[in-house]
Amino acid sequence: MKIFFLLTLLTLSLFGSNVNESLLKVHATLVPKIYLMDYDFTDKIVDNTITIAIVYKKIDYQSAKELQTLIKSRYKKGIQYYLVNPILVSYEDIDTTEANVYYLFPSSKKMIKKVVQRASLSNALTFSYKKDDLEYGVMISLSIAKKVKPILNLEAIRVNAISLRPVLIDISVIFTNALGLNMNESQIKNFLNPKKYWV
Amino acid sequence: MKINFNSISVRTTLHITIFSLAFTLFVVFVVRQLFTDSYMALEKDKIALLSKNIAPSLSLNLSYDFEDAIHEIMQKTLLNKNILLITLESYEEKKIYRFSDSNLTMQDYIRTKELINKQELKDPATDTPLGKLTIVYSNDSYEKYMNNFNIWFLSGLFAFVLSLLLLSYLLSESLKNLSVLDKKLQNFDPENPKQIEILSHKNDEISSITHSANIMIQNIVTYFSELREISSQLLLSQAHLKDAQKMANVGSIDYDIVSGELLLSDEYYRILGIPLHTHFSWANFLALITDEDYTRVKTILDNAIEKRSQFDMTYILALKNEKKIHIETRGKVNTKEDGTFKLTAISMDITQAVQSKKIIEQLAYFDPLTGLANRTLLKDRIQQAMQIAKRNKKILAIIFLDLDHFKLINDTLGHNVGDELLIHVSILLKKQLRDSDTLARIGGDEFVILLPSVKSSIDVQKIAQKIKNALDYKHIIGTHQLYITSSIGVAIYPQNGNTYDELIRNADTAMYEAKNSGRNRYKMYSEDMGSVADEQLTLEQDLAEAVKNRKQIEVYYQVKIDTFSKRIIGAEALVRWNHPTKGLIFPDAFINMAESTGLMIDLGKIITQQSIEMIKELNTMDILDFKMAINLSARQFQDDALISFVKDTLCRESVDSSQVEFEITESLSMSNMDNTLRILKELRNLGASIAIDDFGTGYSSLAYLKKFPINTLKIDQSFVFNITNNEDDKVIAQTIISMAHSLGFKTVAEGVETQEHVDILQNMECDILQGYFYSKPIRKEAFLKYLEEYTS
Numbered sequence: 000m001k002i003f004f005l006l007t008l009l010t011l012s013l014f015g016s017n018v019n020e021s022l023l024k025v026h027a028t029l030v031p032k033i034y035l036m037d038y039d040f041t042d043k044i045v046d047n048t049i050t051i052a053i054v055y056k057k058i059d060y061q062s063a064k065e066l067q068t069l070i071k072s073r074y075k076k077g078i079q080y081y082l083v084n085p086i087l088v089s090y091e092d093i094d095t096t097e098a099n100v101y102y103l104f105p106s107s108k109k110m111i112k113k114v115v116q117r118a119s120l121s122n123a124l125t126f127s128y129k130k131d132d133l134e135y136g137v138m139i140s141l142s143i144a145k146k147v148k149p150i151l152n153l154e155a156i157r158v159n160a161i162s163l164r165p166v167l168i169d170i171s172v173i174f175t176n177a178l179g180l181n182m183n184e185s186q187i188k189n190f191l192n193p194k195k196y197w198v
Numbered sequence: 000m001k002i003n004f005n006s007i008s009v010r011t012t013l014h015i016t017i018f019s020l021a022f023t024l025f026v027v028f029v030v031r032q033l034f035t036d037s038y039m040a041l042e043k044d045k046i047a048l049l050s051k052n053i054a055p056s057l058s059l060n061l062s063y064d065f066e067d068a069i070h071e072i073m074q075k076t077l078l079n080k081n082i083l084l085i086t087l088e089s090y091e092e093k094k095i096y097r098f099s100d101s102n103l104t105m106q107d108y109i110r111t112k113e114l115i116n117k118q119e120l121k122d123p124a125t126d127t128p129l130g131k132l133t134i135v136y137s138n139d140s141y142e143k144y145m146n147n148f149n150i151w152f153l154s155g156l157f158a159f160v161l162s163l164l165l166l167s168y169l170l171s172e173s174l175k176n177l178s179v180l181d182k183k184l185q186n187f188d189p190e191n192p193k194q195i196e197i198l199s200h201k202n203d204e205i206s207s208i209t210h211s212a213n214i215m216i217q218n219i220v221t222y223f224s225e226l227r228e229i230s231s232q233l234l235l236s237q238a239h240l241k242d243a244q245k246m247a248n249v250g251s252i253d254y255d256i257v258s259g260e261l262l263l264s265d266e267y268y269r270i271l272g273i274p275l276h277t278h279f280s281w282a283n284f285l286a287l288i289t290d291e292d293y294t295r296v297k298t299i300l301d302n303a304i305e306k307r308s309q310f311d312m313t314y315i316l317a318l319k320n321e322k323k324i325h326i327e328t329r330g331k332v333n334t335k336e337d338g339t340f341k342l343t344a345i346s347m348d349i350t351q352a353v354q355s356k357k358i359i360e361q362l363a364y365f366d367p368l369t370g371l372a373n374r375t376l377l378k379d380r381i382q383q384a385m386q387i388a389k390r391n392k393k394i395l396a397i398i399f400l401d402l403d404h405f406k407l408i409n410d411t412l413g414h415n416v417g418d419e420l421l422i423h424v425s426i427l428l429k430k431q432l433r434d435s436d437t438l439a440r441i442g443g444d445e446f447v448i449l450l451p452s453v454k455s456s457i458d459v460q461k462i463a464q465k466i467k468n469a470l471d472y473k474h475i476i477g478t479h480q481l482y483i484t485s486s487i488g489v490a491i492y493p494q495n496g497n498t499y500d501e502l503i504r505n506a507d508t509a510m511y512e513a514k515n516s517g518r519n520r521y522k523m524y525s526e527d528m529g530s531v532a533d534e535q536l537t538l539e540q541d542l543a544e545a546v547k548n549r550k551q552i553e554v555y556y557q558v559k560i561d562t563f564s565k566r567i568i569g570a571e572a573l574v575r576w577n578h579p580t581k582g583l584i585f586p587d588a589f590i591n592m593a594e595s596t597g598l599m600i601d602l603g604k605i606i607t608q609q610s611i612e613m614i615k616e617l618n619t620m621d622i623l624d625f626k627m628a629i630n631l632s633a634r635q636f637q638d639d640a641l642i643s644f645v646k647d648t649l650c651r652e653s654v655d656s657s658q659v660e661f662e663i664t665e666s667l668s669m670s671n672m673d674n675t676l677r678i679l680k681e682l683r684n685l686g687a688s689i690a691i692d693d694f695g696t697g698y699s700s701l702a703y704l705k706k707f708p709i710n711t712l713k714i715d716q717s718f719v720f721n722i723t724n725n726e727d728d729k730v731i732a733q734t735i736i737s738m739a740h741s742l743g744f745k746t747v748a749e750g751v752e753t754q755e756h757v758d759i760l761q762n763m764e765c766d767i768l769q770g771y772f773y774s775k776p777i778r779k780e781a782f783l784k785y786l787e788e789y790t791s
């Protein structure tokens, strides 16, 4: 099953930004839940509603629409005490969009960074469909390897002053690249205690 | 080996064992459980921590539905060898993840008591229950831990038992000397106390106890010694108390008011005249009290019981033997702290004392011989009568009565006859008097009559005459017919005196006046009689002084001549009183006074002593065959010391007793025969001679003369005086001389005054002559000169 899933995913990647529907389901489930792992999310939400901006290019509109539908169906009654409001936002309209979570479908480096910048203005969480986008400052993605695990860009999270629950880090893969994060073990431990870290 | 479970070593070991067992059980059941619980808690904490460590990751993975991650975590957890099983139950997916190296089920693990931890997994973000994590943890480490614990515990127990045995042995060894001490103390004999040897040379508790035991033994020995002494003293005191109670007629009584028990001392039984220890109740005691005293005694006792007070009372008990005794009881009623409520008392039989008191009262106020009032009572009655007479302006009379020649009756017929006569007279006098009159005997033959209520002196004279007449006739006293008369003096109050002494003295003076006027009459007192009585009184006082000084008393000597050889063979000692103002007084004037005032004994001693001294002086002049005659009066015969005095004086003056002759009157010799005979015999035994003086004037019988140890009869001078012209006197003198000779007596003729007397008496063969013909009684110096001249 896993092998089949991986082969499918590999095939799709060979033909532009095709989006795996199964993966969308996983994302639709995880994105609101991961947002709740932010210690300060209650201070950020408005009208008791978690607004998830699904940022897409035209090519991925259907996938974005699909994701919106999946989220709405999955969290019809909201999550915990909060409503979940997924909205569709094109990269072009990103400047006027206010959201708690920005879910990024694949795009150019420039557009990705633009969204990242927009998100950082409101301390919003950024979530990318592709883990490669983590290089451009997206905070969270999914690692589809032997096992499916969240992959965290701790540097981006730190820069945006977002405090995540440690357990998320425990089960996640930490993103590293040549340009990116150079956090050693102690920095990671400090990161697990964000208040101390930021002080 | 017999184990004494009461010994300290066994008991100590047992105690240690019991307490140790209790401690061991405590360790086993409590501490072990505590250790178990603690260890289990640690183990559970460890599992809980493990569970807690993996729970968040599992929860989040479960929430994100990351199955692979869940598998990875659970497998990694199972790497811990102590974890036997780990399961995760997903509520949402209804799925159970199970990881284990064995096929054992959860029930198997529950049965084998493995440690099981269950934890509910919640979504870390939403806190929504997601599933349940169960971890089965092996209890091998616990079993291993407890096995180690048991091994160490048993090892410790074994070591402890060994220590206990060692301790028992050491204790037994240490306390062995205590058993030895115990046996020595058991064998301690207070009769033969011995010190206990020090059992341990160490300075330990046993040597200390031994030392203390020795001190205790010493104290016991001392205590027993003191106890024995106290006991013997107590027994002695009890015996003394009993004797004292017996001697004092004192009995003690102890009555328990609550129980009614009555205890009497031995002496009390004796006082009550009932056998010792006979049952005797309080009611029995009360029943003995006479009716006259019962109410009073009962009231005193009830009052003392009510007030818990002391009491003192006298009463009469009527004993069973119909004897009545007077009892004096002193006692008290008290309540003691122990609750006893007792009446204790001592009682004394005062019957004898009461009777004695009555006798004393009788003696104090009454004449023991006649039962008449004595001088004391008379004085009281007269003083009362004077007060009444004075108040009523009446007169009263005092009659002083003296029997004439009563002394002669006493001397001749004896005191018994005299006493009977006095009783007889008192009865006669009583008959003559009224009840209101007082008849008293104030001494000898002197009676005083108080007439408290008389109208005039004429009435008194009538009564005096009546009394005189009542006595003036023949009285039969025993076998004797006695004719008595009386001399009576009368004094009247207030004419003849205002005091008792004055009235008595004046009545006495009147009585003397009656005697001097010829006796057998009465005389009313008049003031001119006063000087005679006073003179008599003064003379008595002078005589007493003379006897005391001796200087005025002088012995004269009248020579005695042998009728035939005309040789001086002796003399008679005759007393004279050289009164400083009245001159020489002859015996007739003061001998009776000396007899009545009791001076005669001392006067007789003076005469006897001077006479014996005279013999001694004559002996020094080589006049050796000289016999001195000394007169003895009736009163001297009543002196118990007469014989010893004579003996001592003879001895002191070295005079042979044969040179002394004692003369007694015929009447003296006939009265109180037994006493006279005894004294005469003793004088004879000394070697002295005895002569009967004034023979022929008394009533002596020949039988008595034969019985008496007489050497000489002296013919009364009344016969000698008329021997020349009175034939009767001549015959009497001749008869006396013949009779004396026939009885072996010598004869002395007194009152020889003429040669004719000498011739006749010589013819009658009278042995010795004495009288004025030869010499009157002369003083010592004159007598010595006479002897010298007569001899030459």
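For the record, the sequence lines run as chains A and B. Numbering-wise, numbering that gives the first Met the number 0 puts 139 at position 140 of the first sequence, and it's gapless, one number per residue. Numbering-wise, numbering that gives the first Met the number 0 puts 628 at position 629 of the second sequence, and it's gapless, one number per residue. Every residue, glycine too, gets a C-beta built ideally from N, C-alpha and C. No experiment lies behind these values; they were computed from the predicted model shown.
Under the DSSP assignment, M627 of chain B falls in the beta strand (DSSP E) whose first and last residues are K626 to N630. The DSSP-derived three-state label of S231 of chain B is helix.
The C-beta of D67 of chain B comes closer than 8 Å to at least one C-beta of chain A. Counting only runs of 4+ residues, the alpha helix (DSSP H) found wholly inside the region 658-741 of chain B occupies 665-669, 672-685, 701-706 and 716-720, in chain order.
Counting every other CB atom within 10 Å of its CB across the protein chains shown gives S231 of chain B a total below 16, marking it as exposed.
Distance between V730 of chain B and N721 of chain B, taken at the CA atoms: about 11 Å. Within the DSSP bridge table, the entry for T125 of chain B names no partner.
Ranking A:I33, A:K32 and A:N122 by CA distance to the CA of D42 of chain A puts A:N122 first.
For the C-beta of K148 of chain A, the chain B residues within less than 7 Å are, from N- to C-terminus, F65 and A68.
Listed in chain order, the non-local C-beta contacts of D436 of chain B below 8 Å within the same chain comprise I448, L449, L450 and P451, local neighbours out to five positions each way being set aside. The C-beta of L167 of chain A comes closer than 8 Å to at least one C-beta of chain B. Inclusion of E42 of chain B and Y141 of chain B in the CB contact set at 8 Å is warranted, their separation being smaller than that value.
Across the structure, I170 of chain A and Y63 of chain B are spaced so that their CA atoms are roughly 10 Å apart. Per DSSP, L502 of chain B is one residue of the alpha helix (DSSP H) stretching across Y499 to N515. Identification of chain B residues near M36 of chain A by a Cβ-Cβ cut-off of 9 Å yields L59, P123 and A124, ordered along the chain. Following the DSSP letters along the chain, one finds V45 of chain A in no alpha helix (DSSP H), marked with neither H nor E. When DSSP assignments are scanned along the region 23-109 of chain A, the uninterrupted stretches of beta strand (DSSP E) that are 3 or more residues long and fall wholly within it turn out to be 48-55, 82-89 and 100-103.
Take the alpha-carbon of G370 of chain B and the one of F644 of chain B: they are about 37 Å apart.
By the C-beta density criterion, F28 of chain B is exposed, having fewer than 16 other C-beta atoms within 10 angstroms.
Membership of F126 of chain A in the beta strand (DSSP E) is indicated by the continuous run L124 to S127. CA-CA distance, K779 of chain B to I629 of chain B, rounds to 15 Å. Counted as a single uninterrupted DSSP element, the alpha helix (DSSP H) harbouring Q460 of chain B occupies residues S456 to L470. When secondary structure is reduced to three states using DSSP, E612 of chain B falls in the helix class. Our two residues, N147 of chain B and V30 of chain B, have alpha carbons roughly 15 Å apart in a direct line. The bridge partners DSSP lists for V172 of chain A are A:I150.
In the DSSP assignment, H325 of chain B falls outside any alpha helix (DSSP H) and lies within the beta strand (DSSP E) extending over K323 to T334. Residues of chain B with a Cβ closer than 8 Å to the Cβ of I156 of chain A do not exist, since the nearest Cβ in that chain sits about 16 Å away. Here DSSP, grouped into helix, strand and coil, assigns N116 of chain B to strand. With a 10 Å radius around the Cβ and a threshold of 16 neighbouring Cβ atoms, T104 of chain B comes out exposed. Pairing K745 of chain B with N710 of chain B gives a Cβ-Cβ distance under 8 Å. A residue is called buried once 16 or more other Cβ atoms fall within 10 Å of its Cβ, and W151 of chain B, having fewer, is exposed. The beta carbon of E512 of chain B lies closer than 6 Å to those of K522 and M528 in the same chain, with the five residues before and after it left out. Distance from K581 of chain B to G569 of chain B at the Cβ level is roughly 31 Å; contact not present, criterion being Cβ atoms closer than 8 Å.
Counting C-beta pairs with one atom in each stretch, the region 287-303 of chain B and the region 244-251 of chain B have fewer than three that are closer than 8 Å, which means they do not touch.
For Y128 of chain A, the number of other beta carbons within 10 angstroms of its own is at least 16, and it is reported as buried. The beta-carbon distance between S19 of chain B and L170 of chain B, rounded to whole angstroms, is 15 Å. This is too long to meet the 8 Å contact definition.
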